[in-house]
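Undergrad:
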Amino acid sequence: MVPSEERRRVLLGATPGTPNSSSGAMHTANFVIRVLKSWARLVATHHVCKLPPFIHRLQISGDSSIPPPLANCFTLVKMWSEHTQGSMGLVENTILLEIQRLLREYVSYNEADLLAALQSLLLLFTILLFGLNRTGSAIVQPVEAELIVKVWDVMSSVTGTGILLEEEQSHVLPTWREWALVSAKRRTIQALHHLEWAWSLVRGYPVLTCFELGPLPAPTAGYLWNENSELQWKQSYAKWLDIWKTGGSYKLGELFNIDPGDDLNSRTEMWLAEVDEFGMVLMAECELFDPDFLAKLI
Numbered sequence: 003m004v005p006s007e008e009r010r011r012v013l014l015g016a017t018p019g020t021p022n023s024s025s026g027a028m029h030t031a032n033f034v035i036r037v038l039k040s041w042a043r044l045v046a047t048h049h050v051c052k053l054p055p056f057i058h059r060l061q062i063s064g065d066s067s068i069p070p071p072l073a074n075c076f077t078l079v080k081m082w083s084e085h086t087q088g089s090m091g092l093v094e095n096t097i098l099l100e101i102q103r104l105l106r107e108y109v110s111y112n113e114a115d116l117l118a119a120l121q122s123l124l125l126l127f128t129i130l131l132f133g134l135n136r137t138g139s140a141i142v143q144p145v146e147a148e149l150i151v152k153v154w155d156v157m158s159s160v161t162g163t164g165i166l167l168e169e170e171q172s173h174v175l176p177t178w179r180e181w182a183l184v185s186a187k188r189r190t191i192q193a194l195h196h197l198e199w200a201w202s203l204v205r206g207y208p209v210l211t212c213f214e215l216g217p218l219p220a221p222t223a224g225y226l227w228n229e230n231s232e233l234q235w236k237q238s239y240a241k242w243l244d245i246w247k248t249g250g251s252y253k254l255g256e257l258f259n260i261d262p263g264d265d266l267n268s269r270t271e272m273w274l275a276e277v278d279e280f281g282m283v284l285m286a287e288c289e290l291f292d293p294d295f296l297a298k299l300i
């Protein structure tokens with residue numbers, strides 16, 4: 003789930019061009035950016051009481067407290083939400099230092115902290131790239147590209163810890179915690195793909211496709227993600243397995259292949275009926291794509 007070496011060379015070797023001129027593409031990019039920023043604002047406002055839809059409640063409950071990468075991230079997001087014009091430079095530099103620290107230290111993290119680090123990078127990058135509206139920033143586009151490429155290595159490490167359960171492939175009941183963590187990994191990786199896609203458009207870089215994610219399950223039913231107890235989750239998951247017994251779970255590849263001119267098939271309609279706001283964002287992005295622009299994606 004890591005972009006190709008060609009993509010790496012393009013970002014590190016190319017001079018940014020002008021932002022994409024397609025109104026449909028820029029509308030979609032701005033939509034994605036606004037949603038990403040809203041997740042940072044949600045954390046700043048509600049801390050752990052209301053989490054963005056890529057951090058699962060089981061990551062911050064049970065036997066352990068908030069993973070250190072997320073604890074630090076939440077503090078910095080709060081700082082960002084309260085910054086003034088005079089403190090903007092301090093906020094930017096502090097967030098950049100934390101990003102650089104995570105990119106250095108992630109190799110020593112256990113599985114839970116590694117996921118938390120990637121989730122923190124998503125929130126902090128959103129703020130750094132789109133949340134400060136700062137002219138004369140010390141962060142220039144080549145540096146942004148270098149940092150994004152380094153995040154791929156963290157994403158690769160998270161992928162290496164497993165992003166698909168055997169039980170999911172066999173369409174049987176997994177454990178709640180294992181399912182929650184693997185779902186959070188997939189959602190975080192998908193969200194980072196959206197971040198880079200939008201960044202590429204507005205900065206004038208060739209855009210990133212995410213078709214390699216096609217074989218993975220699409221974001222699952224909101225009622226499964228939001229269940230509060232293991233017993234309730236098991237009961238809901240058993241019903242969900244029965245609903246999706248024909249053909250297995252809905253895959254991202256099915257979503258990517260929707261024809262904007264046709265009615266949705268029954269599997270896509272069922273998936274859309276069940277998803278939470280994270281899935282709705284994916285659906286909206288697909289609906290907003292300019293078909294002529296989409297055909298040119300590399």
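Sequential numbering from 3 applies to the sequence shown in our numbering. Backbone N, C-alpha and C fix where the C-beta goes; we use that ideal spot for every residue, glycine too. The structure presented is a predicted model; accordingly, all values stated were derived computationally and were not measured.
Straight-line CA distance for L254 to K236?
TA: Going by the C-alpha atoms only, they are around 24 Å apart.
Undergrad: Contact check, L116 vs S159 under 8 Å by CB: the rounded distance?
TA: Right, the Cβ-Cβ distance comes to about 6 Å (below 8 Å), so this counts as a contact.
Undergrad: Just verifying my parser: in three-state terms, what is the DSSP assignment at M282?
TA: M282: helix per DSSP, three-state reduction.
Undergrad: Taking its Cβ as the centre, do 16 or more other Cβ atoms sit within 10 Å of R188, making it buried, or is it exposed?
TA: Answer is buried; the Cβ neighbour count reaches 16.
Undergrad: Could you pull the DSSP bridge partners for V312 from this structure?
TA: What the structure shows of the chain is the stretch from 3 to 300, and residue 312 is not part of that stretch, so it cannot be assessed.
Undergrad: Y252 to T86, Cα distance in whole Å?
TA: Using only the alpha carbons, I get a separation of about 45 Å.
Undergrad: For P55, does the count of other Cβ atoms within 10 angstroms reach 16, so buried, or fall short, so exposed?
TA: The residue is buried, with at least 16 neighbouring Cβ atoms inside 10 Å.
Undergrad: Give a yes or no on whether the C-beta atoms belonging to I150 and L126 are separated by under 8 Å.
TA: Result no, Cβ atoms of I150 and L126 do not sit closer than 8 Å.
Undergrad: What do you reckon, are the CB atoms on T222 and L120 nearer than 8 Å?
TA: For T222 and L120, no; Cβs fall outside 8 Å.
Undergrad: Along the alpha helix (DSSP H) that carries D244, what are the first and last residues, could you check?
TA: 232 to 245 is the span of the alpha helix (DSSP H), which, as asked, contains D244.
Undergrad: Does DSSP put K80 in a helix, a strand or coil?
TA: Helix at K80.
Undergrad: In terms of alpha-carbon separation, which member of Q192, P217, L274 lies closest to G224?
TA: Of the candidates Q192, P217, L274, the one whose C-alpha sits nearest the C-alpha of G224 is L274.
Undergrad: Looking at C-alpha atoms only, which residue of R10, V277, Q192 is the closest neighbour of L124?
TA: Nearest option by C-alpha distance: Q192.
Undergrad: Which one of G133, G88, P70 has the shortest CA to CA distance from Y111?
TA: With distances taken between Cα atoms, Y111 lies closest to P70.
Undergrad: Quick one: Cα of L194 to Cα of D244, how far?
TA: Taking the straight line joining both Cα atoms gives about 31 Å.
Undergrad: How about the stretch 40 to 50 and the stretch 79 to 95: do they share at least three Cβ pairs that are nearer than 8 Å?
TA: They touch, by the three-pair rule.
Undergrad: Once DSSP output is grouped into helix, strand and coil, what is the label at K253?
TA: Residue state, collapsed to three classes: strand.
Undergrad: In whole angstroms, what is the alpha-carbon distance linking W201 and F213?
TA: Computed Cα separation, rounded: 18 Å.
Undergrad: Just to confirm the assignment, what range does the alpha helix (DSSP H) spanning S202 have?
TA: Residues 178 to 205.
Undergrad: Whose C-beta lies closer than 8 Å to the C-beta of L257 among residues of the same chain, with five residues either side of it excluded?
TA: Same-chain partners within the cutoff: A220, T270, W273, L284, M285, C288.
Undergrad: Using a 10 Å radius around the Cβ and a threshold of 16 neighbouring Cβ atoms, would you call T248 buried or exposed?
TA: Looking at its Cβ environment, which holds fewer than 16 other Cβ atoms inside 10 Å, T248 is exposed.
Undergrad: Report buried or exposed for R9, applying the criterion of at least 16 other Cβ atoms within 10 angstroms of its Cβ.
TA: That one is buried.
Undergrad: At the level of alpha carbons, what is the spacing between G88 and L226?
TA: Cα to Cα, G88 sits roughly 44 Å from L226.
Undergrad: Taking Cβ to Cβ, would you say Q61 is nearer than 8 Å to A114?
TA: Yes, the pair counts as a contact, with Cβ atoms nearer than the cut-off.
Undergrad: If the criterion is Cβ atoms closer than 8 Å, does the pair A240 and L175 meet it?
TA: A contact, by the Cβ cut-off of 8 Å.
Undergrad: Let me know the secondary structure DSSP gives K52 once reduced to three states.
TA: K52 falls in the coil class under three-state DSSP.
Undergrad: Indicate the three-state DSSP secondary structure (helix, strand or coil) for V174 in the structure shown.
TA: Coil.
Undergrad: Here's the rule: buried if 16 or more other CB atoms are within 10 angstroms of the residue's CB, otherwise exposed. What is E94?
TA: E94 is buried by the Cβ-count criterion.
Undergrad: Would you mind working out which of V277, E180, G162, W154 sits nearest L104, comparing C-alpha positions?
TA: Nearest of V277, E180, G162, W154 to L104, Cα basis: W154.
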